[in-house]
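Enquirer:
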Amino acid sequence: MKDLKTTYLGLSIKNPIVVGSSGLASTIGGIKKLANAGAAAIVLKSVFEEEIKAEAEQTVGQQLGMDENNLEFYDYYDYQVKNEVLENYVSLIREAKEAVDIPIIASINCSSYSEWVSFANKIEDAGADAIELNIFKLPFGINDEASEIEKVYFDIVRKVKERLSIPVGIKLAPYFTNLGNVINRLSHSGVSGLILFNRFTSVDYDIENDQVITGKVYSGADDYANTLRWVSISSNLAGCDIVASGGIHDYRTLVKMLLAGAASAEVVSAIYKEGPEVIGAMLKELEAWMERRNVNSINEFKGRLCQGKATNPEVFERVQFMRYFSGHKH
Ligand SMILES: Cc1cc2nc3c(=O)[nH]c(=O)nc-3n(C[C@H](O)[C@H](O)[C@H](O)COP(=O)(O)O)c2cc1C
Numbered sequence: 001m002k003d004l005k006t007t008y009l010g011l012s013i014k015n016p017i018v019v020g021s022s023g024l025a026s027t028i029g030g031i032k033k034l035a036n037a038g039a040a041a042i043v044l045k046s047v048f049e050e051e052i053k054a055e056a057e058q059t060v061g062q063q064l065g066m067d068e069n070n071l072e073f074y075d076y077y078d079y080q081v082k083n084e085v086l087e088n089y090v091s092l093i094r095e096a097k098e099a100v101d102i103p104i105i106a107s108i109n110c111s112s113y114s115e116w117v118s119f120a121n122k123i124e125d126a127g128a129d130a131i132e133l134n135i136f137k138l139p140f141g142i143n144d145e146a147s148e149i150e151k152v153y154f155d156i157v158r159k160v161k162e163r164l165s166i167p168v169g170i171k172l173a174p175y176f177t178n179l180g181n182v183i184n185r186l187s188h189s190g191v192s193g194l195i196l197f198n199r200f201t202s203v204d205y206d207i208e209n210d211q212v213i214t215g216k217v218y219s220g221a222d223d224y225a226n227t228l229r230w231v232s233i234s235s236n237l238a239g240c241d242i243v244a245s246g247g248i249h250d251y252r253t254l255v256k257m258l259l260a261g262a263a264s265a266e267v268v269s270a271i272y273k274e275g276p277e278v279i280g281a282m283l284k285e286l287e288a289w290m291e292r293r294n295v296n297s298i299n300e301f302k303g304r305l306c307q308g309k310a311t312n313p314e315v316f317e318r319v320q321f322m323r324y325f326s327g328h329k330h
């Protein structure tokens, strides 16, 4: 038996596989299946800042036949509906905590600190072991300065940390001009973990029917390179747990993330594609690899190949194919 214990947002967990936020964990049935399959922790489906707003507007509009004459009721109903959305989420946390004995992490998708921060205490009171904030604002404002956009992240962390005592994790997108700087500063801002990276829904075109359609929903087994690079670069210097997310479909990629210095890994697409059993299969193969490579615990090899310890650290900073093309015979 190998020791697979590690950490996620500073919490002690029994193995490195955490189920990332998605519809997989939106019902108690789903949560139990994931726990039975061996997941070390589960991040619940996110509550969306916009979802809360949109649902409020739609329901209120329908209920009141919204027009200018009854706008004065809006604030009251707005508040009620928001509460209902949150109450359902709070119930899910409570029931999940009763149903399984692994950490349950709440998740909020947000792009500002205004709308939802007052809900954070309810999430903590309901028994969530930690909270993951998926922060992103598409930077399409042509007058927005990068520093203003970055400031939002730090403002959110400060406001949430003021209110909560449970660990706070930030799930980041890779789209910053100075990603290394942002990761480093956020990792020392009082958060307990950074999740690198989020995956976005994408837009595509159906060229036979001139339709705008949704792009590929799930990651593939080759989609891990950017995560690996940044986990490797940041894990050695970070002031909190670095959690890998994106394209982890088998034990090999899981091992790579741990070698790069990830404390743990979030998995989503592989579970959608192959079912919760993939968790047990990955753990079994991880143990077999540890046996083969003669290591007994995750701590023994975690970070062994991070940039700071690599014999060829410049590889992590090389992005262009200069050598490949200059030496390539056509
Ligand atoms: C169907 C689906 C739903 C998702 N829903 C959420 C969500 O509600 N909140 C969130 O933070 N991330 C969500 N994600 C992103 C995942 O948590 C994860 O970060 C991303 O898929 C990368 O991991 P993967 O390559 O293992 O899928 C979702 C992903 C998928 C595929």
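Heads up, the sequence shown is in UniProt numbering, so the first residue is 1 and it goes up one at a time.
Ideal Cβ placement from N, Cα and C applies to all residues, glycine included.
Quick caveat: nothing in here was measured; it's all calculated off a predicted structure.
1) Tell me, which residues are paired with Q307 by DSSP?
2) Which of the three DSSP states, helix, strand or coil, is assigned to L172?
3) What is the DSSP secondary structure of residue 337, counted as helix, strand or coil?
4) Can the beta-carbon of A130 be found less than 8 Å from the beta-carbon of I102?
5) From G127 to D206, what does the alpha carbon distance come to, in whole angstroms?
6) Given that a residue counts as buried once 16 or more other Cβ atoms are within 10 Å of its Cβ, and exposed if not, what is Q211?
7) Would you tell me roughly how many angstroms separate the C-alpha atoms of I242 and L194, rounded to the nearest one?
8) Comparing C-alpha positions only, which one of N209, P167 and L34 sits nearest to S192?
9) Going by beta carbon distance, what residues of the same chain come within less than 6 Å of M66, once the five residues before and after it are set aside?
10) Hey, V18 and A265: beta-carbon distance below 8 Å or not?
11) Between G20, S189, I123 and D125, which lies nearest to D155 when the distance is taken from Cα to Cα?
12) Quick check on this structure: which residue in S118, T311 and E132 has the alpha carbon closest to the alpha carbon of L11?
13) Hey, out of S22, S232, G280 and E300, whose CA is closest to E314's CA?
14) Taking the beta carbon of F200 as the centre, do at least 16 other beta carbons fall within 10 Å, making it buried, or is it exposed?
15) Between T214 and A221, what straight-line distance do the alpha-carbon atoms span, to the nearest angstrom?
Expert: Put simply:
1) The partner list for Q307 (beta bridge, DSSP) is empty, contrary to what the question assumes.
2) Judged by DSSP in its simplified three-state form, L172 adopts strand.
3) Not covered by the structure: residue 337. The range shown for the chain is 1 to 330.
4) no
5) 45 Å
6) Exposed, because fewer than 16 other Cβ atoms sit within 10 Å of the Cβ of Q211.
7) 5 Å
8) P167
9) Confidence at M66 is low in this model, with a pLDDT of 49, below 50, so its placement is unreliable and the value that follows should be read with caution. Closer than 6 Å at the Cβ level, and outside the excluded window around M66, lies no residue.
10) yes
11) Nearest C-alpha to D155 among G20, S189, I123 and D125: S189.
12) E132
13) S232
14) exposed
15) 20 Å
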